[in-house]
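Everything on this sheet refers to the single structure shown next.
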Amino acid sequence: MRNSMSAAGAATAAAIVLTGLITAAGPAAAAAAQGPAAAKACAPAVVKLADIAAGPAGAGNGGTVKAFGANGLIAGQSRGLPAYWTADGTAHAVPVPEGFQSGEVKAVNAKGLMVGALRRPGDYDHTFAFTYQQGAAAVALVNSATAPSTLTDVNDAGRVVGMDAGVPKEWLNGTVVRELPVPADAHPSTKITSVDGINKRGDIVGTALTYYWEDDVVTSKSFPVVWPAGGGYPPYSLRVWTDSDYTVGTRATGIDDLGRVVGHEDRSYRDWQERKPAVWKKPYDALPADPGRVGGFEHLTLDAISPTTNVSVGTAVTFVEGYANHIQAAYWPGKGSPLALPHPAGAAPDSRSEAFAASDDDRVGGTFYDWNTMTAGAVVWTCASGQAYAPKA
């Protein structure tokens with residue numbers, strides 16, 4: 086899974102803090118809310134992870150955390166290449182075949198199995214799906230050679246999901262075990278555009294698009310789909326707020342072990358931009374809930390959910406003339422208002438951060454860009470609940 090739980094979570098968090106280069110305490114009120122015992126057991130910090138030693142020409146520094154595994158394993162990308170970090174803070178490049186110049190790990194499970202996508206130089210529209218077992222000599226490509234493919238998630242049972250040449254699929258031990266069907270209640274034009282996650286049980290979430298012309302009017306609707314584990318039950322079409330506007334799309338980004346789905350509605354038309362967070366719960370018969378916004382920001386995306394603790398993370402954003410001018414990693418504990426995650430101490434006020442992964446042991450992973458130093462990097466917020474805060478208006 087993208088956010089596999091570690092049995093040694095607290096010890097791992099402590100190890101990461103010891104090897105981290107940057108720390109920043111959260112607001113005192115947030116730490117106090119955790120109580121003295123929690124404050125003693127957990128050290129809130131913003132930890133900048135090391136870059137891999139080398140990357141593609143022009144890649145510079147920088148990276149992103151996309152997933153947490155067991156025993157301190159963290160995965161994502163560094164210097165434009167798929168990478169992972171071990172509990173001692175060491176950065177490792179995933180060994181990719183010759184001829185590939187970029188890519189990322191999108192998910193890792195508790196057994197160190199990683200999945201993601203690679204690209205060749207100058208061909209950024211054609212992705213090649215791969216799996217990689219930690220410690221192996223090379224990745225295994227899982228791909229149609231003539232069309233883009235990507236793997237997006239893997240659970241602890243080794244079930245892998247993704248898109249292969251436009252077809253949503255589930256794999257086990259390198260073999261396709263099922264193709265994921267379009268819901269029976271969908272319009273005939275509907276296609277699955279992405280597979281976005283799988284939980285411990287094997288429930289899969291993805292995103293579908295309906296697009297057709299009728300009486301010179303275009304109807305466009307994108308919506309999440311949930312395929313129950315095992316394939317013995319029909320998929321669910323999840324309801325969305327907007328279902329007939331081509332400037333609006335709604336997508337899923339993750340599913341937890343109880344079947345809660347997170348995602349966001351996006352409106353994009355020239356310089357008109359909106360981002361609205363969305364949360365769906367079983368039995369998937371109602372419109373999504375909107376948890377609100379981070380104070381001082383106009384929009385919010387939810388881009389990941391923890392396996393069991395109901396914590397969602399994403400990005401708070403404010404657009405100016407169609408451009409995202411203010412961007413900060415966001416944390417929603419499952420109730421109340423979404424909160425912000427702090428930038429590292431000493432960062433420029435207009436620096437940017439985004440969150441893409443949440444673990445059950447209260448870590449959040451993402452990326453950070455500092456306008457003072459013009460440098461970027463993969464970051465982990467440890468004891469995230471103890472440093473998430475409500476910005477002053």
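So for the sequence shown, the working numbering puts the first residue at 86; every next one is plus one. Just so you know, even glycine gets a beta-carbon here, dropped at the ideal spot from N, CA and C.
Here DSSP, grouped into helix, strand and coil, assigns Gly421 to coil.
When rounded, the separation of the alpha-carbon atoms in Pro313 and Asp238 is 15 Å. Beta-bridge annotation (DSSP): Arg360 is paired with Asp351. Going by C-alpha positions, Gln162 is about 10 Å away from Gly462.
Inside the region 380 to 411, DSSP marks whole beta strand (DSSP E) runs of 3 or more residues at positions 384 to 390, 397 to 405, from first to last along the chain.
In the structure shown, the three-state DSSP call for Ser307 is strand.
Look at Ser234 here: in three-state DSSP terms it is strand.
The beta strand (DSSP E) runs of length 3 or more contained entirely in the region 126 to 158 are, from start to end of the chain, 130 to 133, 148 to 153. Assignment of beta-bridge partners to Phe213 by DSSP yields Leu203. Three or more beta-carbon pairs drawn from the region 303 to 312 and the region 335 to 355 are found closer than 8 Å, and the two stretches are therefore classed as touching.
Secondary-structure assignment with DSSP links Glu183 through no beta bridge to anything. Taking the C-beta atoms as reference points, Leu265 is found no nearer than 8 Å to Arg244. Excluding its 5 nearest sequence neighbours in each direction, Thr304 has C-beta neighbours in its own chain below 6 Å: Tyr297, Ser329, listed in chain order.
Taking C-beta separations shorter than 6 Å and ignoring five residues to either side along the sequence, the partners of Arg352 in its chain run Thr332, Val333, Glu359, following chain order. DSSP lists Arg205 as the bridge partner or partners of Asp208. Annotation for Leu426: Ala414, Tyr416, Trp466, Ala473 place their beta carbon closer than 6 Å to its own, counting only its chain and skipping 5 residues before and after.
DSSP, read as helix, strand or coil, puts Ser470 in helix. The DSSP-derived three-state label of Ala337 is strand. Nearest Cα to Asp446 within the set Ala440, Ala469, Ala433: Ala469. Per DSSP, reduced to three states, the secondary structure at Ala414 is strand.
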